[in-house]
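Asker: Could you have a look at this structure, given as structure tokens, before my questions?
Number of protein chains: 2
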Amino acid sequence: MHDNNKQTAAARIFSELQQAILDGQLLPGSKINEAELATRHGCSRGPLREALQRLEGLRLIQREAHVGARVISLSDQQLTELYQVREVLEGLACRLAATLMTKQAKDELKTLLDTHRRYLEEDGQQKYYPQAGDLDFHYLLIRSSQNALLISQLGDELYPLLQLYRRQFRDSGYQQPELAYKEHLHIAEAIMEGDGELAEMLMRKHIARARKRLKYILTT
Amino acid sequence: MHDNNKQTAAARIFSELQQAILDGQLLPGSKINEAELATRHGCSRGPLREALQRLEGLRLIQREAHVGARVISLSDQQLTELYQVREVLEGLACRLAATLMTKQAKDELKTLLDTHRRYLEEDGQQKYYPQAGDLDFHYLLIRSSQNALLISQLGDELYPLLQLYRRQFRDSGYQQPELAYKEHLHIAEAIMEGDGELAEMLMRKHIARARKRLKYILTT
DNA sequence: CAAGCTAAGATTGTTAACAATTCTGGGTCT
DNA sequence: AGACCCAGAATTGTTAACAATCTTAGCTTG
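Here the protein sequences line up with chains F and A, keeping their order. Going by my numbering, the first residue of the first sequence is number 15, and it counts up by one from there. Going by my numbering, the first residue of the second sequence is number 15, and it counts up by one from there.
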């Protein structure tokens with residue numbers, strides 16, 4: 015039995031770069047210099063280019079032949095597109111989760127919502143927990159769909175993009191914690207009752223509402 | 015102004031390999047030898063590895079560090095997952111298309127359906143046209159959504175996978191041309207009337223029906 | 001002075017060799 | 001015979017140099 019812990023250099027650089035983009039160390043629109051980044055991350059251009067290829071697949075950077083790569087910079091239009099796709103995919107996740115969710119995941123969901131509620135009661139101004147809690151809520155439902163393709167598309171591709179957008183537009187994505195909590199509660203109830211159609215519709219409304227709020231903010 | 019026709023070697027190899035996989039020249043499950051493929055396609059391993067990276071992003075191959083790449087081989091479960099995701103994404107495309115479709119695209123759609131009908135009337139046994147026609151129909155609606163992310167996810171990622179699945183399971187995906195034509199007609203009518211909600215629902219039912227038929231075929 | 005050309009520099013694309021890991025076949029031992 | 005080990009071969013990961021393309025700064029010209 016061999017230890018399989020060692021990851022390849024390209025994989026490590028990929029993680030580091032993705033983190034750097036999402037953390038804001040590499041700003042949207044900024045040009046990427048292969049030689050410089052390679053030396054900074056302690057490898058040659060080969061593995062770095064593989065990492066760039068993966069980042070392009072996740073739409074976090076854009077490349078042009080013989081010109082180079084830039085961190086993606088997002089338009090309002092693209093943000094709308096992202097929310098439209100997310101809306102139907104997470105709706106599907108909810109519909110599936112309503113049928114497939116395990117007892118253990120249901121308990122986890124209850125605990126999550128309880129914690130969320132306590133934080134709201136204690137201090138409505140605390141924003142840091144609800145943001146993380148929001149992510150936890152959505153990730154839990156996505157995972158519960160038991161659809162590997164869906165989980166990958168949402169978790170690996172769309173959510174990193176969403177995170178980048180939120181940073182770029184300086185949007186917490188969670189500016190009405192009380193309303194969001196109530197919507198989460200309704201979604202969870204539908205799932206607990208096994209009503210997939212209702213859960214799907216509620217999640218779609220939940221995300222559509224966030225999209226409309228964003229649109230309102232962006233156009234004013 | 016420079017001619018920008020020249021594409022990079024990696025891009026060319028990527029296209030060739032994708033085509034080879036979808037054509038069945040590279041069979042699902044078969045191992046990919048980098049050195050051999052590189053020489054066969056007339057380049058070194060560098061560009062070839064970039065192409066493999068992109069293919070992995072499209073989920074057409076799977077790679078494992080220090081072991082290598084294999085063409086993906088799909089389970090019934092994965093086929094179901096694909097159809098579930100496709101169902102909601104194409105539903106979204108229809109909803110958007112109903113509002114955004116241009117006059118020109120609407121004319122194109124009418125022509126498409128007319129041609130389809132004529133082929134059915136002339137010879138119900140002719141399967142080759144309806145298959146292509148089915149693709150044309152879905153692609154036209156997808157493009158009409160005017161959502162670049164959606165178009166890319168469906169056209170670049172999901173449809174190639176679907177094509178591979180159909181080959182692997184020897185399924186034309188179009189075994190009831192008359193029914194499919196009628197469903198297409200209803201979808202088109204809803205779009206022409208600008209009823210996005212109805213168009214979305216009809217498309218979802220259309221794809222869900224195909225998924226259930228597939229499931230039935232696979233379990234018997 | 002602006003537009004256009006040119007050559008040098010910088011950057012990306014590609015290659016071939018080298019390093020690290022895995023696979024394979026034969027041998028040994030129980 | 002079957003499990004284990006080991007060395008060589010094959011394959012993948014990485015590197016550094018080379019080739020091709022783009023960019024830029026300076027010069028020329030009208």
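Where a beta carbon is used, it is the ideal one built from N, C-alpha and C, also for glycine. Computed from a predicted structure; not experimentally measured.
Exposed or buried, residue 80 of chain A, counting other C-beta atoms within 10 Å across all chains shown (16 or more means buried)?
Answerer: Position 66 of the second sequence, counted from the start, is the residue given in the question as residue 80 of chain A. Exposed: under 16 other Cβ atoms inside 10 Å.
Asker: Just to confirm, is the Cβ distance from residue 205 of chain A to residue 112 of chain A under 9 Å?
Answerer: Looking up residue 205 of chain A in the second sequence gives position 191. Looking up residue 112 of chain A in the second sequence gives position 98. Cβ distance < 9 Å, so residue 205 of chain A and residue 112 of chain A count as in contact.
Asker: Contact criterion: CB-CB distance below 9 Å. Does residue 17 of chain F meet it with respect to chain A?
Answerer: Here residue 17 of chain F corresponds to residue number 3 of the first sequence, with the count starting at 1. Because residue 17 of chain F sits at a pLDDT of 36, beneath the cut-off of 50, its placement in the model cannot be relied upon, and the point is left open.
Asker: Please check if any C-beta of chain F sits within less than 9 Å of the C-beta of residue 210 of chain A.
Answerer: Within the second sequence, numbered from 1, the residue matching residue 210 of chain A stands at position 196. Residue 210 of chain A does not count as touching chain F.
Asker: Which one of F:30, F:88 and F:234 has the shortest CA to CA distance from residue 61 of chain F?
Answerer: The residue you call residue 61 of chain F lines up with position 47 of the first sequence. Checking every option, the nearest Cα to that of residue 61 of chain F belongs to F:30.
Asker: Can you tell me which of F:228, F:95 and F:55 puts its alpha carbon nearest to the alpha carbon of residue 184 of chain F?
Answerer: Sequence index remark: in the first sequence, residue 184 of chain F carries index 170 (1-based). When only C-alpha atoms are compared, the closest one is F:228.
Asker: Which residues does DSSP list as the beta-bridge partners of residue 85 of chain F?
Answerer: Position 71 of the first sequence, counted from the start, is the residue given in the question as residue 85 of chain F. In the DSSP output, where bridge partners are listed per residue, residue 85 of chain F has F:75.
Asker: Given this structure, state the Cα-to-Cα distance separating residue 222 of chain A from residue 174 of chain A, to the nearest angstrom.
Answerer: Here the question's residue 222 of chain A lines up with position 208 in the second sequence. Here the question's residue 174 of chain A lines up with position 160 in the second sequence. So the two alpha carbons sit approximately 19 Å from each other.
Asker: Measure from the C-beta of residue 60 of chain F to each C-beta in chain A and report whether the shortest distance is under 9 Å.
Answerer: The residue labelled residue 60 of chain F in the question sits at position 46 within the first sequence. Yes, residue 60 of chain F counts as interfacial toward chain A.
Asker: What residue does the alpha helix (DSSP H) around residue 127 of chain A start on, and which one ends it?
Answerer: Along the second sequence, read from residue 1 onward, the residue named residue 127 of chain A stands at position 113. It spans 117 to 136 - the alpha helix (DSSP H) in which residue 127 of chain A sits, taken as one unbroken run.
Asker: Thinking residue 159 of chain A and residue 96 of chain A are a contact (beta carbons under 8 Å), I'd like their distance in whole angstroms, please.
Answerer: Here residue 159 of chain A corresponds to residue number 145 of the second sequence, with the count starting at 1. Here residue 96 of chain A corresponds to residue number 82 of the second sequence, with the count starting at 1. No, residue 159 of chain A and residue 96 of chain A are not in contact; Cβ-Cβ is about 19 Å, not under 8 Å.
Asker: Any residues in the segment 72 to 104 of chain F with a beta carbon nearer than 9 Å to a beta carbon of chain A? Which ones, in chain order?
Answerer: From the segment 72 to 104 of chain F, only 72, 73, 79, 80, 91, 92, 94, 95, 96, 98, 99, 101, 102 and 103 have a Cβ closer than 9 Å to chain A.
Asker: Could you tell me which chain A residues have their CB closer than 9 Å to the CB of residue 32 of chain F, listed as they occur along the chain?
Answerer: Residue numbering aside, residue 32 of chain F sits at position 18 when the first sequence is read from its first letter. Going along chain A, no residue has its Cβ under 9 Å from residue 32 of chain F, so there is no contact; the nearest lies around 14 Å.
Asker: Could you check whether the segment 40 to 52 of chain A touches the segment 126 to 135 of chain F, counting it as contact only if at least three pairs of C-beta atoms, one from each stretch, sit closer than 8 Å?
Answerer: Judged by Cβ distances under 8 Å, the segment 40 to 52 of chain A makes no contact with the segment 126 to 135 of chain F, as fewer than three pairs qualify.
Asker: Counting only the same chain and skipping the five closest in sequence on each side, list residues whose C-beta sits under 7 Å from that of residue 84 of chain A.
Answerer: To locate residue 84 of chain A, count along the second sequence from 1; it is residue 70. Only 43, 44, 45, 46, 75 and 76 meet the Cβ criterion.
Asker: Taking the CB atoms as reference points, tell me whether residue 179 of chain F and residue 66 of chain F lie closer together than 9 Å.
Answerer: Taking the first residue of the first sequence as position 1, residue 179 of chain F is located at position 165. Taking the first residue of the first sequence as position 1, residue 66 of chain F is located at position 52. Not a contact, by the Cβ cut-off of 9 Å.
Asker: Would you kindly work out how many angstroms separate the C-alpha atoms of residue 36 of chain A and residue 119 of chain A, rounded to a whole number?
Answerer: Locating residue 36 of chain A in the second sequence gives position 22, counting from the first residue. Locating residue 119 of chain A in the second sequence gives position 105, counting from the first residue. C-alpha separation (whole angstroms): 28 Å.
Asker: Using a Cβ-Cβ cut-off of less than 8 Å, give me the residues of the segment 24 to 48 of chain A that come near chain F, in sequence order.
Answerer: Correct list: 25.
Asker: Under the three-state reduction of DSSP, which class applies to residue 45 of chain A: helix, strand or coil?
Answerer: The residue you call residue 45 of chain A lines up with position 31 of the second sequence. Strand, per DSSP.
Asker: At the 9 Å Cβ level, is residue 162 of chain A part of the contact set with chain F, yes or no?
Answerer: Against the second sequence, residue 162 of chain A aligns to sequence position 148. So yes, residue 162 of chain A belongs to the interface.
Asker: Using 10 angstroms around the beta-carbon of residue 230 of chain A, count the other beta-carbons present and answer buried if the total reaches 16, otherwise exposed.
Answerer: Residue numbering aside, residue 230 of chain A sits at position 216 when the second sequence is read from its first letter. Exposed, since its Cβ has fewer than 16 Cβ neighbours within 10 Å.
Asker: To which residues of the same chain is residue 48 of chain F closer than 7 Å at the C-beta, ignoring the five residues directly before and after it?
Answerer: The residue you call residue 48 of chain F lines up with position 34 of the first sequence. For residue 48 of chain F, where only same-chain residues beyond five positions count, the Cβ hits under 7 Å are 59, 62 and 63.
Asker: Going by DSSP, what residue range makes up the alpha helix (DSSP H) through residue 28 of chain A?
Answerer: As a working note, residue 28 of chain A is residue 14 in the second sequence. Here the alpha helix (DSSP H) through residue 28 of chain A covers 23 to 37.
Asker: Measuring straight from C-alpha to C-alpha, what distance separates residue 26 of chain F and residue 56 of chain F?
Answerer: Walking along the first sequence from the start, residue 26 of chain F turns up at place 12. Walking along the first sequence from the start, residue 56 of chain F turns up at place 42. Straight-line Cα distance between these residues: approximately 11 Å.
Asker: Buried or exposed: where does residue 170 of chain A fall if 16 or more other Cβ atoms within 10 Å of its Cβ makes it buried?
Answerer: Translated into positions along the second sequence, residue 170 of chain A becomes position 156. It is exposed - the Cβ of residue 170 of chain A has fewer than 16 other Cβ atoms within 10 Å.
Asker: Rounded to the nearest angstrom, how far is the Cβ of residue 102 of chain A from that of residue 103 of chain F, given a contact under 8 Å?
Answerer: Residue mapping note: residue 102 of chain A aligns to position 88 of the second sequence, counting from 1. Residue mapping note: residue 103 of chain F aligns to position 89 of the first sequence, counting from 1. About 6 Å; that satisfies the 8 Å criterion.
Asker: State buried or exposed for residue 210 of chain F, treating a residue as buried only when at least 16 other CB atoms are found within 10 Å of its CB.
Answerer: In the first sequence, counting from the first residue as 1, residue 210 of chain F sits at position 196. Under this definition residue 210 of chain F is a buried residue.
Asker: Judging by CA-CA distance, which residue of F:20, F:23, F:92 and F:21 is the nearest neighbour of residue 162 of chain A?
Answerer: Residue numbering aside, residue 162 of chain A sits at position 148 when the second sequence is read from its first letter. Checked all of F:20, F:23, F:92 and F:21; the closest Cα to residue 162 of chain A is F:92.
Asker: Along the chain, where does the alpha helix (DSSP H) that runs through residue 254 of chain A open and close?
Answerer: Nothing in the structure corresponds to residue 254 of chain A, since chain A is present only between 15 and 234.
Asker: Is the separation between the beta-carbon of residue 214 of chain F and that of residue 108 of chain F shorter than 9 Å?
Answerer: Here residue 214 of chain F refers to the residue found at position 200 when the first sequence is read from its first residue. Here residue 108 of chain F refers to the residue found at position 94 when the first sequence is read from its first residue. Yes, these two residues count as a Cβ contact at 9 Å.
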